[in-house]
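> Residue numbers (full-length UniProt numbering): 1 to 103. Glycine residues also receive a C-beta, built at the ideal position from the N, C-alpha and C atoms. One structure is given below, represented as structure tokens, and several questions about it will come after.
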């Protein structure tokens with residue numbers, strides 16, 4: 001378990017390009033910073049629930065076959081166990097929280 005402050009310069013990078021932020025036993029935050037435009041990322045199904053908030057850029061969230069446009073100021077929810085993918089349309093920065101923490 002991590003407690004206290006996580007300094008931005010010391011935040012750990014994840015294996016998929018995410019930046020690890022504060023993390024507890026039941027909830028974790030991460031940031032996707034300046035993700036470049038791309039074709040669909042691989043479709044996945046996660047055991048954790050994800051909520052996110054767009055800081056800049058645009059992306060499409062494809063969730064259970066429905067496509068939703070995400071723009072600055074938008075937030076989203078991906079329930080646990082639901083098939084989803086993201087298509088980055090414009091250099092994208094967002095913060096996500098996962099519960100339980102994403103592996």
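Quick check on residue 67: does DSSP put it in helix, strand or coil?
On the chain shown, position 67 is the one that residue 67 refers to. In the structure shown, residue 67 sits in a strand (DSSP, three-state: E or B).
> With three or more C-beta pairs closer than 8 Å as the rule, is the region 90–103 touching the region 39–53?
Contact holds: three or more Cβ-Cβ distances are below 8 Å.
> Are residue 62 and residue 48 closer than 9 Å when you measure CB to CB?
Stepping through the chain shown from its first residue, residue 62 is reached at position 62. Stepping through the chain shown from its first residue, residue 48 is reached at position 48. For residue 62 and residue 48, no; Cβs fall outside 9 Å.
> How would you label residue 30, buried or exposed, when you count the other beta carbons within 10 angstroms and need 16 or more for buried?
Locating residue 30 in the chain shown gives position 30, where the first residue counts as 1. Buried, since its Cβ has 16 or more Cβ neighbours within 10 Å.
> Closest to residue 60 by C-alpha separation, out of 38, 46, 45, would be which residue?
Position 60 of the chain shown, counted from the start, is the residue given in the question as residue 60. Per the Cα distances, 38.
> Give every residue of the same chain whose Cβ lies closer than 7 Å to the Cβ of residue 100, excluding the five residues on either side of it in the sequence, and list them in chain order.
Here residue 100 refers to the residue found at position 100 of the chain shown. Cβ neighbours of residue 100 beyond the five flanking positions: 26, 48.
> Per DSSP, what kind of secondary structure is residue 26 in: helix, strand or coil?
As a first step, residue 26 must be located in the chain shown, where it is residue number 26. The answer is coil: DSSP assigns residue 26 none of H, G, I, E or B.
> Could you compute how far the alpha carbon of residue 69 sits from the alpha carbon of residue 57?
As a first step, residue 69 must be located in the chain shown, where it is residue number 69. As a first step, residue 57 must be located in the chain shown, where it is residue number 57. Whole-angstrom Cα-Cα distance: 11 Å.
> Rounding to the nearest angstrom, what Cα-Cα distance links residue 67 and residue 12 in this structure?
For the purposes of this step, residue 67 is identified with residue 67 of the chain shown, where counting begins at 1. For the purposes of this step, residue 12 is identified with residue 12 of the chain shown, where counting begins at 1. Approximately 31 Å, taken between the alpha carbons.
> Please classify residue 45 as buried or exposed, where buried requires at least 16 neighbouring CB atoms within 10 angstroms.
Counted from its first residue, the chain shown places residue 45 at position 45. It counts as exposed.
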